[in-house]
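Structure first, then comments.
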Amino acid sequence: MTNNTRFTKGIKRQSAWDLADNQVTPESVFKDRRNIVKALGLGALGASIPGYVQAGLFDFGSNKSTSTFATKPLQFTQPKAFVIPESLTPENKITRHNNFYEFGTSKQDPFDNAQAFNVNPWTLQIDGLVDKPITLDLDDLTKRFALEERRYRLRCVEAWSMVVPWVGFSLASLLKEAGVKSSATHVAFETLFDPEQMPGQKNRLMGGGIHYPYVEGLTLEEAMNPLAFLAVGLYGKTLPPQNGAPIRLVVPWKYGFKSIKSIVKIRLMDKQPPTSWNQLASHEYGFYANVNPEVDHPRWSQASERSIGEGGLFSAKRIPTQMFNGYGDEVAGLYKQLDLRKYY
Ligand code: MTE
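To convert, note that position 324 of the sequence shown is 324 in full-length UniProt numbering; the numbers rise steadily by one, no gaps.
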């Protein structure tokens with residue numbers, strides 16, 4: 001999510017929408033790329049072409065056009081509280097414009113490379129500071145909790161956005177079932193680690209330099225907020241792999257990188273857990289990551305965003321970004337004591 005342009009204070013910030021998808025790449029990975037280019041004897045070429053073209057040299061995608069992963073229809077209610085005025089982003093955009101670095105760093109890589117992802121069997125463990133550790137299997141994910149559809153805005157830190165009809169259940173309902181001990185202050189999440197299935201976990205370049213497994217975290221208060229959601233489906237069916245099958249977090253007032261995919265572990269803790277993007281570039285990606293149009297990314301403005309449903313990443317049209325992604329009424333109270341410039 002960083003690009004290959006060095007961050008230089010005082011130089012005009014680039015707009016994220018000026019960046020090619022493959023430019024949003026951590027600097028460490030860009031350096032690796034240059035080394036590989038050199039090793040292949042492409043030194044002169046490698047030095048002169050932009051990072052996104054170099055990334056193209058290592059495009060592991062197979063450009064598949066059809067989805068072969070089987071999704072299943074789900075039963076759910078549609079509470080009125082979560083129907084929003086914005087129109088939904090078309091399904092084929094939600095499922096073909098993804099960030100899931102375990103399957104590659106370009107937006108189409110997850111679709112191209114995840115179709116054979118095997119989610120059966122699946123185990124999600126909830127443990128740590130709980131009265132009753134729980135282990136859920138694949139069936140439990142769609143049967144144990146009453147499912148509902150929620151239409152949420154999703155705002156990526158790269159300044160693009162979508163409106164997604166998720167299906168799932170509140171994170172709080174799961175945590176309540178496990179019984180959170182009074183000493184717990186934070187919740188840690190972990191994605192599956194399976195390099196045989198997730199090529200980005202084997203190949204540092206393809207995986208964007210992240211140290212896997214991908215990990216994320218919330219404060220306990222954030223996790224218990226009614227908006228924090230565990231999605232098991234979208235557009236009425238179980239999740240496709242590129243969107244985080246079989247279960248992923250959705251925290252709509254935070255930048256998308258908090259919404260960790262394909263979760264296998266949820267642990268209650270008494271300290272702030274490490275988070276993947278913060279580990280990789282702490283000056284750019286904080287623990288809180290609340291959507292905030294007033295606090296820019298060091299290299300681009302966060303004041304507005306491209307709506308992926310409306311013209312795509314590079315269209316001229318953009319929409320203003322809302323504080324807490326428009327969910328301030330529900331969550332602003334969580335941060336009353338916090339300096340949001342310092343705790344970005
Ligand atoms: N979870 C894992 N495990 N790996 C990832 O690379 N990318 C994050 C988040 N969850 C990511 C992840 C980012 S940066 C975003 S913006 C959202 O997933 C994108 O979700 P989507 O592809 O369903 O739109």
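Don't be surprised by glycine CBs; every beta carbon is placed ideally from N, CA and C.
Beta-carbon contacts of residue i that lie in its chain and below 7 Å, excluding the five residues immediately before and after
{"i": "residue 152", "result": "164, 166, 250 and 252"}
{"i": "residue 150", "result": "82, 166 and 229"}
{"i": "residue 40", "result": "Because the pLDDT at residue 40 is just 35, under 50, the model does not fix this residue reliably, and the value given afterwards should be weighed accordingly. If we look at residue 40 and ignore the five residues flanking it on each side, it has no Cβ neighbours."}
{"i": "residue 79", "result": "148"}
{"i": "residue 325", "result": "153, 155, 252, 253 and 291"}
{"i": "residue 319", "result": "304, 305 and 307"}
{"i": "residue 283", "result": "298"}
{"i": "residue 327", "result": "227, 252 and 253"}
Residue i and residue j closer than 8 Å at C-beta
{"i": "residue 188", "j": "residue 217", "result": "yes"}
{"i": "residue 239", "j": "residue 169", "result": "no"}
{"i": "residue 290", "j": "residue 197", "result": "no"}
{"i": "residue 288", "j": "residue 343", "result": "yes"}
{"i": "residue 215", "j": "residue 298", "result": "no"}
{"i": "residue 262", "j": "residue 244", "result": "yes"}
{"i": "residue 280", "j": "residue 209", "result": "yes"}
{"i": "residue 85", "j": "residue 100", "result": "no"}
{"i": "residue 107", "j": "residue 113", "result": "no"}
{"i": "residue 334", "j": "residue 221", "result": "yes"}
{"i": "residue 275", "j": "residue 302", "result": "no"}
{"i": "residue 305", "j": "residue 212", "result": "no"}
{"i": "residue 120", "j": "residue 136", "result": "no"}
Residues of its chain near residue i, where Cβ-Cβ distance is below 8 Å and the 5 sequence neighbours each way are ignored
{"i": "residue 226", "result": "170, 172 and 330"}
{"i": "residue 115", "result": "64, 67, 68, 69 and 241"}
{"i": "residue 309", "result": "87, 88, 89, 90, 93, 162 and 163"}
{"i": "residue 194", "result": "201"}
{"i": "residue 74", "result": "142, 147, 167, 232, 233, 236, 237 and 238"}
{"i": "residue 271", "result": "185 and 186"}
{"i": "residue 191", "result": "102, 212, 213, 214, 215, 260, 261, 262, 263 and 264"}
Same chain, Cβ closer than 6 Å to residue i, five either side skipped, listed in chain order
{"i": "residue 141", "result": "232, 246 and 247"}
{"i": "residue 277", "result": "257 and 285"}
{"i": "residue 156", "result": "256"}
{"i": "residue 76", "result": "147, 148, 149 and 167"}
{"i": "residue 96", "result": "111"}
{"i": "residue 346", "result": "Residue 346 lies beyond the range of the chain shown here (1 to 344); nothing can be said about it."}
{"i": "residue 145", "result": "169 and 173"}
{"i": "residue 134", "result": "126 and 178"}
Closer than 7 Å: residue i CB and nearest the ligand GTP heavy atom
{"i": "residue 254", "result": "The ligand GTP is absent from the structure shown, which contains only the ligand MTE."}
The region 173-182 / the region 200-207 touching (three or more Cβ pairs under 8 Å): They do not touch, by the three-pair rule.
contact_flag[the region 258-269, the region 121-129] where n(CB pairs < 8 Å) is 3 or more: Contact check between the region 258-269 and the region 121-129: three or more CB pairs, one atom from each, fall below 8 Å, which counts as touching.
Inside the region 262-306 only - alpha helix (DSSP H) runs reaching at least 4 residues: The region 262-306 contains these whole alpha helix (DSSP H) runs: 276-280.
Ranges of the alpha helix (DSSP H) found wholly within the UniProt domain "Oxidoreductase molybdopterin-binding" (118-277), counting only runs of at least 4: Complete alpha helix (DSSP H) runs here, min 4: 138-143, 171-178 and 220-224.
Alpha helix (DSSP H) runs contained entirely in the region 72-101, provided each spans 4 or more residues: With a minimum length of 4 residues, the unbroken runs of alpha helix (DSSP H) contained wholly in the region 72-101 fall at 91-94.
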